[in-house]
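In the working numbering, the protein residues as written are -13 to 470.
Virtual Cβ for every residue (Gly too), placed ideally from N, Cα, C.
Just so it is clear, the structure is predicted and the values come from calculations on it, not from any experiment.
Below is one structure, written out as structure tokens, with a few remarks after it.
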Amino acid sequence: MCGIIGIMGKADVAFDVYRGLLALQHRGQDSAGIACFDKVRINLKKGVGLVSEVFTDSNLSLLKGKTAIGHVRYATAGSTPKLDSQPFVVDIPHAMAIAHNGNAINYQDWDEHFKDRTESCCDSEVLLHLFSEKLNGDRQLTVDKIFDAVKAFMAEVNGSYGIVCLVENLGLLAFRDPHANRPLAMGRRGADVAFASESVAFDAMGFDMVRDLKGGEAIFVESDGTIHEKSLLPKPAKHCMFEWVYFARPDSTLDGKSVYEVRIALGKELGKAIQKDSAGKMQGQNGLSMPDVVIPVPDTSRPAALGLAEQTGISLQEGLIKNRYIGRTFIMPTQEGRERAMNVKLNTVTSVVKGKDVLLVDDSIVRGTTAKKIVGVVKKEAKSVHLASTCPPIQYPCFYGIDFPIQSELVAYTEKNLDGIRKKLGADGLTYQSLDGLKRAIGLPGLCTACLDGHYPTPIPDAMRKKLELSRSAERKKVETHYA
-13 MCGIIGIMGK ADVAFDVYRG LLALQHRGQD SAGIACFDKV RINLKKGVGL VSEVFTDSNL
47 SLLKGKTAIG HVRYATAGST PKLDSQPFVV DIPHAMAIAH NGNAINYQDW DEHFKDRTES
107 CCDSEVLLHL FSEKLNGDRQ LTVDKIFDAV KAFMAEVNGS YGIVCLVENL GLLAFRDPHA
167 NRPLAMGRRG ADVAFASESV AFDAMGFDMV RDLKGGEAIF VESDGTIHEK SLLPKPAKHC
227 MFEWVYFARP DSTLDGKSVY EVRIALGKEL GKAIQKDSAG KMQGQNGLSM PDVVIPVPDT
287 SRPAALGLAE QTGISLQEGL IKNRYIGRTF IMPTQEGRER AMNVKLNTVT SVVKGKDVLL
347 VDDSIVRGTT AKKIVGVVKK EAKSVHLAST CPPIQYPCFY GIDFPIQSEL VAYTEKNLDG
407 IRKKLGADGL TYQSLDGLKR AIGLPGLCTA CLDGHYPTPI PDAMRKKLEL SRSAERKKVE
467 THYA
């Protein structure tokens, strides 16, 4: 779940990419990078940290070129943050740079083959070498040959990806996985063409959104601005539902759906489950009183809490205040880091919470550690805390780019039933979104809900799944050692 940008412009575009990456910072806080082609060579600057920490006016001014790609990283594979930073560059047979959002499930099939050419532990570097190999060393590249290589790449890679690729002297390539699991869109600013993970990047760079790429589609923009579009390996859409639930910015539009409007709808769907019984208590909640106040867990849950309040008629108030200098705890690389950040991230508004029956709205409950801490913070002052999740129970690992690939970490899997989860989280009541409610709120026919129902859009045999979980567990230990 990284953020990617690619631009083909009429003047130097590094500062545009920088502005776009700032708008996509929520998609990754681990590292950032930009690669530009200046008609002679690919110039690269990348490093560990936030976009504003990696780039300065002086190093941006050295990134010359009318073609550029950029990346912000959220680590789900790889365990060496400095080496795993993107973009990655290869020189032979063609100088190319790649930025990748997603996860290649079977990248280890080629890991051994390319081990002498790679420095990182990241699947994206392996994918770059795989794509380069598909070009068959042909020095006389054409757009058709590039599209043939992309199609061959798609046929072999099992997983998810949105990719932008800078090709020396030829132009800018963008393509999306066959199931369109990862987001990728195209924008225009006059003669300039851009690609980005979310529409907010276009807003920041002064581009107009044109459209989302389709699953299995590739677009190549030549250096003279000529655009070639081709459907290569389309399959039924399986858009990642977690983009609308949590990951994307609310002011983005993904695959024709406003993230903000979807989150309002998620709240309204959730609100349908919050009903009074004949005694004026909450239905199915063991005599728990109807809430006095709806409080969102900032910031992702605010639109959903608004929708829930509108649906139920319960007062919506800001009872939790976020320290805005703390990043998104879910995408921090270690569990210890997430827990430390939570200790200083949120604080209650006493006048809103004290002595009240609180309905606390969160976007999702994954491991349960963060939710438990938030419930504990509110319960210090509230009379009771009922937790409501806009996402159904997450019971299965994700292998497509969201950082919960180990099933034994998921609280909805380990606890098995609703009351067990509620007790584990320390809440007085607990309501989850229904799967049907989620689908109605997002309103797209093709969604990936594998983490909810175990129906994966690509084949993942049990042996591969166990291998992936073991590999990710080992990588996580390396990351925790690095950040210790």
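Residue of the options minimising C-alpha distance to residue i
{"i": "Ala295", "options": "Gln269, Thr286, Gly257", "result": "Gly257"}
{"i": "Thr435", "options": "Pro383, Lys402, Lys(-4), Phe1", "result": "Pro383"}
{"i": "Asp422", "options": "Asp439, Ala398, Gly406", "result": "Asp439"}
{"i": "Leu156", "options": "Ala81, Asp241, Arg5, Gln419", "result": "Ala81"}
{"i": "Asp24", "options": "Gly14, Thr53, Ala18, Leu36", "result": "Thr53"}
{"i": "Val347", "options": "Pro379, Gly253, Arg5", "result": "Gly253"}
{"i": "Lys358", "options": "Ala265, Leu332, Gly201", "result": "Leu332"}
{"i": "Ala374", "options": "Thr356, Ile(-7), Ser118, Thr417", "result": "Thr417"}
{"i": "Val207", "options": "Phe228, Asp237, Arg174", "result": "Arg174"}
{"i": "Ala18", "options": "Leu69, Gly432, Ser44", "result": "Leu69"}
{"i": "Met(-6)", "options": "Pro379, Leu152, Gly412, Cys377", "result": "Leu152"}
{"i": "Gln94", "options": "Leu113, Ile84, Val3", "result": "Leu113"}
Straight-line gap, residue i to residue j (C-alpha atoms, nearest Å)
{"i": "Gly305", "j": "Thr336", "result": "8 Å"}
{"i": "Pro282", "j": "Thr128", "result": "52 Å"}
{"i": "Leu430", "j": "Ala234", "result": "16 Å"}
{"i": "Ala290", "j": "Val(-1)", "result": "37 Å"}
{"i": "Ile317", "j": "Phe1", "result": "With a pLDDT of 49 at Ile317, under the threshold of 50, the predicted position of this residue should be treated as unreliable, though the coordinate-derived value follows. Looking at the two C-alpha atoms, the distance is approximately 26 Å."}
{"i": "Val364", "j": "Asn309", "result": "16 Å"}
{"i": "Asp414", "j": "Ser394", "result": "24 Å"}
{"i": "Glu203", "j": "Ser217", "result": "4 Å"}
{"i": "Ala449", "j": "Asn122", "result": "32 Å"}
{"i": "Ile312", "j": "Val330", "result": "8 Å"}
{"i": "Gln261", "j": "Asp343", "result": "15 Å"}
{"i": "Thr444", "j": "Val143", "result": "10 Å"}
Opening and closing residue of the alpha helix (DSSP H) in which residue i lies
{"i": "Cys437", "result": "436 to 439"}
{"i": "His80", "result": "Taken as a continuous stretch (DSSP letters only), His80 belongs to no alpha helix (DSSP H), as it is neither H nor E."}
{"i": "Thr53", "result": "Looking at the DSSP string, Thr53 is not in any alpha helix (DSSP H); the run it does join, the beta strand (DSSP E), is 53 to 59."}
{"i": "Phe233", "result": "Premise fails: Phe233 is in no alpha helix (DSSP H) and is neither H nor E."}
{"i": "His115", "result": "109 to 120"}
{"i": "Met191", "result": "185 to 191"}
Inter-residue CB distance, residue i and residue j (contact presumed, cutoff 8 Å)
{"i": "Met184", "j": "Leu10", "result": "In the sequence as presented, Met is not what sits at residue 184; that position holds Glu. The pair is a contact, with the Cβ atoms about 6 Å apart (cut-off 8 Å)."}
{"i": "Gln271", "j": "His372", "result": "7 Å"}
{"i": "Val352", "j": "Leu396", "result": "7 Å"}
{"i": "Val34", "j": "Pro79", "result": "Going by Cβ atoms, the distance from Val34 to Pro79 rounds to 31 Å, so no, they are not a contact pair."}
{"i": "Cys107", "j": "Arg59", "result": "That belief does not hold up - the Cβ atoms of Cys107 and Arg59 are roughly 13 Å apart, past 8 Å."}
{"i": "Val338", "j": "Gln303", "result": "5 Å"}
{"i": "Leu345", "j": "Ile300", "result": "6 Å"}
{"i": "Ile380", "j": "Cys437", "result": "5 Å"}
{"i": "Ile28", "j": "Gly148", "result": "At roughly 20 Å, the Cβ-Cβ gap does not stay under 8 Å, so Ile28 and Gly148 are not in contact."}
Segment limits, beta strand (DSSP E) that includes residue i
{"i": "Ser213", "result": "With the sequence shown as reference, residue 213 is identified as Ile, and Ser is not the correct amino acid for it. Segment 213 to 217, the beta strand (DSSP E) holding Ile213."}
{"i": "Asp422", "result": "First-last for Asp422: 421 to 428, but that is the alpha helix (DSSP H), not the beta strand (DSSP E)."}
{"i": "Glu203", "result": "203 to 208"}
{"i": "Asn333", "result": "332 to 334"}
{"i": "Ile28", "result": "28 to 34"}
{"i": "Thr417", "result": "415 to 418"}
{"i": "His12", "result": "Counting along the chain, His12 falls outside any beta strand (DSSP E), and DSSP gives it neither H nor E."}
{"i": "Pro282", "result": "279 to 282"}
Beta carbon of residue i nearer than 9 Å to that of residue j
{"i": "Ile91", "j": "Phe390", "result": "no"}
{"i": "Met472", "j": "Phe161", "result": "With the chain running from -13 to 470 in the structure shown, residue 472 is simply not present."}
{"i": "Gln419", "j": "Glu255", "result": "yes"}
{"i": "Lys31", "j": "Val40", "result": "yes"}
{"i": "Ile428", "j": "Lys224", "result": "no"}
{"i": "Ala478", "j": "Ala187", "result": "The structure shown does not extend to residue 478, since the chain spans only -13 to 470, so no value can be given for it."}
{"i": "Arg13", "j": "Asn87", "result": "yes"}
{"i": "Ser38", "j": "Val76", "result": "no"}
{"i": "Val196", "j": "Met172", "result": "yes"}
Short CB-CB distance (under 9 Å) between residue i and chain B
{"i": "Asp134", "result": "This model lacks chain B altogether, as it is built from one protein chain only."}
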